[in-house]
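Reviewing the structure listed below.
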Amino acid sequence: MNWSVLQQDAPGIRRLQFEAEGSLLSFKEVIRFWQEWPEFRSWYSYQLAQAPFPAFFWEHPPLTVDRLSQPYEVILLDSPALARIQADPSPFLAFFRHEDPMPAVADFASLGKDAQLIVPAPSAPSAVYPHIATFARQALPDQQQALWQRLGDLMQQRVNHTPLWLSTSGLGVHWLHLRLDTQPKYYQHRAYRIW
Numbered sequence: 565m566n567w568s569v570l571q572q573d574a575p576g577i578r579r580l581q582f583e584a585e586g587s588l589l590s591f592k593e594v595i596r597f598w599q600e601w602p603e604f605r606s607w608y609s610y611q612l613a614q615a616p617f618p619a620f621f622w623e624h625p626p627l628t629v630d631r632l633s634q635p636y637e638v639i640l641l642d643s644p645a646l647a648r649i650q651a652d653p654s655p656f657l658a659f660f661r662h663e664d665p666m667p668a669v670a671d672f673a674s675l676g677k678d679a680q681l682i683v684p685a686p687s688a689p690s691a692v693y694p695h696i697a698t699f700a701r702q703a704l705p706d707q708q709q710a711l712w713q714r715l716g717d718l719m720q721q722r723v724n725h726t727p728l729w730l731s732t733s734g735l736g737v738h739w740l741h742l743r744l745d746t747q748p749k750y751y752q753h754r755a756y757r758i759w
């Protein structure tokens, strides 16, 4: 299958949607492709890597089971503050230390138990991991594959009638972590905070 990207750019922001065979991909399709299609996962990483910002927030509108058929969209928001941070794996090391071999990614509840986090293991130089832009541009392909596949699996499990917000921030904890949250915590894009 061939995919194409539709992008809308404005100062400091890029909105992405995806097409296949002339139709916009839905959230349901993107989630399934994250789960099942290695080629799509690689293509998705490439689309993020092409963003014109050194670092960015990756944010989605709130999703429920009733909205799965709507066209997928994601906002990439330029973040000069993220571009200046140094990756620090220490907040998440406990989730990887006791695994042998160390998994490519781990998922676990946030400290407040209000969100599920997906975190890549420190299996490459730390400069790969401060935020999603560096991960999309520099991470090992196998680790990118594992991250998107795990995200697809968790989204399949977690999307229900309660709104779910999918995003990254990184201003508080300086290591990439995808956040599946019941609230738009740390969201920058105001329109996506609204339910």
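Numbers in our numbering are just positions in the sequence shown, counted from 1, shifted up by 564. Ideal Cβ positions, reconstructed from N, Cα and C, are used throughout, including at glycine. It should be emphasised that the depicted structure is a prediction, and the values quoted were computed from it without experimental measurement.
The beta strand (DSSP E) spanning V638 covers which residue range?
-> Start at 1 with the first residue of the sequence shown, and residue 638 comes out as number 74. Its beta strand (DSSP E) spans residues V638 to D642.
Between F656 and A574, what straight-line distance do the alpha-carbon atoms span, to the nearest angstrom?
-> Counted from its first residue, the sequence shown places residue 656 at position 92. Counted from its first residue, the sequence shown places residue 574 at position 10. Taking the straight line from one Cα to the other gives about 35 Å.
Tell me, to the nearest whole angstrom, how far the beta carbon of P644 is from that of A697; I am working on the premise that it is less than 8 Å.
-> The sequence position of residue 644 within the sequence shown is 80, counting from 1. The sequence position of residue 697 within the sequence shown is 133, counting from 1. The pair is not a contact, with the Cβ atoms about 12 Å apart (cut-off 8 Å).
Per-residue DSSP class, three states only, for E600 = Position 36 of the sequence shown, counted from the start, is the residue given in the question as residue 600. Three-state DSSP puts E600 in a helix.
Can you name the start and end residues of the alpha helix (DSSP H) that I696 belongs to?
-> Working through the sequence shown from its first residue, we reach residue 696 at position 132. That run of the alpha helix (DSSP H) goes I696 to Q702.
Using the DSSP secondary-structure output, state which residues sit across from Q760 in a beta bridge.
-> Nothing in the structure corresponds to residue 760, since the chain is present only between 565 and 759.
Inter-residue spacing [alpha-carbon to alpha-carbon] between Q720 and K749 = For the purposes of this step, residue 720 is taken as the residue at position 156 of the sequence shown. For the purposes of this step, residue 749 is taken as the residue at position 185 of the sequence shown. Their backbone Cα atoms lie some 21 Å apart in a straight line.
Is the CB-CB distance between L740 and Q680 below 8 Å?
-> On the sequence shown, residue 740 is found 176 positions in, with the first residue counted as 1. On the sequence shown, residue 680 is found 116 positions in, with the first residue counted as 1. Result no, Cβ atoms of L740 and Q680 do not sit closer than 8 Å.
Buried or exposed by the 16-neighbour rule on C-beta atoms within 10 Å, applied to Q707 = Taking the sequence shown and counting its residues from 1, the one referred to as residue 707 is at position 143. Under this definition Q707 is a buried residue.
For P705, the first and last residue of its enclosing alpha helix (DSSP H) | Taking the sequence shown and counting its residues from 1, the one referred to as residue 705 is at position 141. Here the alpha helix (DSSP H) through P705 covers P705 to R722.
Is the Cβ-Cβ distance between R579 and I639 less than 8 Å?
-> Here residue 579 is taken as the residue at index 15 of the sequence shown, counted from 1. Here residue 639 is taken as the residue at index 75 of the sequence shown, counted from 1. Yes.
Can you tell me where the beta strand (DSSP E) with A670 in it begins and where it stops?
-> Along the sequence shown, one-based indexing puts residue 670 at 106. Note, A670: beta strand (DSSP E), V669 to A673.
Any 3 or more C-beta pairs closer than 8 Å across the stretch 720 to 735 and the stretch 620 to 638 | yes
Strand pairing of R757, partner residues [DSSP] | Looking up residue 757 in the sequence shown gives position 193. DSSP, once it has assigned bridges, lists no residue as partnering R757.
Going by DSSP, name the residue or residues bridged to A584.
-> If you number the sequence shown from 1, residue 584 lands on position 20. BP columns for A584 point to W567 and S587.
Touching or not, the stretch 623 to 637 and the stretch 589 to 596, by the rule of three or more beta carbon pairs under 8 Å?
-> yes
Return the residue from the list F699, S674, P626 and K677 that minimises the CA-CA distance to A668.
-> Here residue 668 corresponds to residue number 104 of the sequence shown, with the count starting at 1. When only C-alpha atoms are compared, the closest one is F699.
Would you kindly check if the distance between the Cβ of Y756 and the Cβ of P625 is under 8 Å?
-> Translated into the one-based positions of the sequence shown, residue 625 becomes position 61. Translated into the one-based positions of the sequence shown, residue 756 becomes position 192. Taking 8 Å as the Cβ cut-off, P625 and Y756 qualify as a contacting pair.
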